[in-house]
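For the sequence shown, position 76 (counting from the first letter as 1) is numbered 707 according to the working numbering, and the numbering increases by one without interruption.
Backbone N, C-alpha and C fix where the C-beta goes; we use that ideal spot for every residue, glycine too.
Below is one structure, written out as structure tokens; the observations come after it.
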Amino acid sequence: MPWIQLKLNTTGANAEDLSDALMEAGAVSITFQDTHDTPVFEPLPGETRLWGDTDVIGLFDAETDMNDVVAILENHPLLGAGFAHKI
Numbered sequence: 632m633p634w635i636q637l638k639l640n641t642t643g644a645n646a647e648d649l650s651d652a653l654m655e656a657g658a659v660s661i662t663f664q665d666t667h668d669t670p671v672f673e674p675l676p677g678e679t680r681l682w683g684d685t686d687v688i689g690l691f692d693a694e695t696d697m698n699d700v701v702a703i704l705e706n707h708p709l710l711g712a713g714f715a716h717k718i
């Protein structure tokens, strides 16, 4: 099954909020990734350790109209119109 990824760069402090926004916009899965590819080794059970410069990647069904998703995200207070993203 084909998927579409939408990637946002943010701080570790804002990553969870943007993850929630992507889910509300229709993402079926979220991945957190270090922008600089630094691994996290053995976080504590239940701990979500994020990097200072974090990519938040939302996975969307291939049938999703990404223009609609971008329009929804533009209304998020952390993003705004013309926010930087990669599809």
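Note that the C-beta distance between histidine 716 and leucine 649 is not below 8 Å. Exclusion of the five residues before and after aspartate 686 leaves Lys638, Asn640, Gln664, Thr666 as the residues of its chain whose Cβ lies within less than 6 Å of its Cβ.
Membership of aspartate 648 in the alpha helix (DSSP H) is indicated by the continuous run 643 to 655. Distance between proline 676 and isoleucine 703, taken at the CA atoms: about 34 Å.
Per the coordinates, the alpha-carbon of leucine 681 lies some 30 Å from the alpha-carbon of glutamate 694.
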